[in-house]
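In our numbering, the protein residues as written are 76 to 429. Please read the structure below before turning to the comments.
Structural data, given as structure tokens:
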């Protein structure tokens, strides 16, 4: 029989509880919500509020039905509702965040026993359910700022009407995936190559960083997300290993395999700031319940998320792979913890003698 422990003494106690951490995360997400309002308008805030209300009410009703203490004041349901809404297009129907949050709370959290027992991130599970059930709602209707900001002229010079329409309606990752695929297959001309090369231009990277692009509600402004993440790092509520290993892996692999001129020619900054990488790396992959407890395990977890993200982005059926990569790696956490946990001092393997 093997004696296995998750952690060994000594244990250090701090004046930090779950409620304080959760509401700090909510506070850290507010800059991204403000940015969403600035770029997409009131509708993005309305969808977020609907997601939060649905998550909180669902959790309270489930706990009431099961005769458990109602714990909605700890803020965990609020985070689930916010993150679920942050992964939606700003033009999604009002009922999409409601259905997604209900599914996330019941199937992703309460069915396993509530906070601390869920094996995967509830918000991402809710998003996966919505993607499988209503793919059109989840992948169309982006509000792009490219045609209004003058950025369109900086990306394309000439080219077909089809390419111009693609630029003004697609998310950055979908644009990159589509154009790159056409170039690699030989179905695109010089205008497509110009578009792809200009994805790493200073003007485009600046728009990606600040959020002047089309995309999901809470993922577009990397600046706002980094501001909130910096607060959580300062408070020691999230640890650097998962975000750094995750983003670093995406950067290296996108540089090696993501270009059109052979190896080591990919647009690194584009893949870092486009899509949901910043949101996922700092606010979802670092979830204390569904991420490894060991330092080495967190590095392995982040690297695994990065590999899966790039595989899906470059060769998968979806332009974005952050959500699915984190969900897949969530499932591996018990195995990662098993092989990376330090043995307690005085550990001995006790064999049964028959």
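Backbone N, C-alpha and C fix where the C-beta goes; we use that ideal spot for every residue, glycine too. In this text, all values refer to a predicted model and were calculated from it rather than measured experimentally.
Check, Outcome
"Three-state secondary structure assigned by DSSP to residue 384", "helix"
"Residue 361 vs residue 313 beta-carbon contact at 8 Å", "yes"
"Presumed contact (8 Å Cβ cut-off) between residue 387 and residue 396, rounded CB distance", "3 Å"
"Assigned secondary structure, residue 105 (DSSP; H/G/I helix, E/B strand, else coil)", "helix"
"For residue 149 and residue 331, the rounded distance between their alpha carbons", "43 Å"
"Neighbour-count burial assignment, residue 188, 16 or more Cβ in a 10 Å radius", "exposed"
"DSSP state of residue 184 mapped onto helix, strand, coil", "coil"
"Span of the alpha helix (DSSP H) around residue 156", "151-161"
"Contact set for residue 412: own chain, Cβ-Cβ below 8 Å, skip 5 residues either direction", "81, 367, 368, 369 and 372"
"Selection from 253, 99, 190 and 308 that minimises the alpha carbon distance to residue 390", "253"
"Chain-order list of residues whose beta-carbon lies under 7 Å from that of residue 321 (same chain, five-residue window excluded)", "356, 360, 377, 380 and 381"
"Start and end residues, alpha helix (DSSP H) containing residue 256", "247-260"
"For residue 119, the nearest candidate out of 195, 162 and 141 (CA to CA)", "162"
"Element boundaries [alpha helix (DSSP H), containing residue 208]", "197-208"
"Backbone CA spacing between residue 317 and residue 401 [nearest angstrom]", "11 Å"
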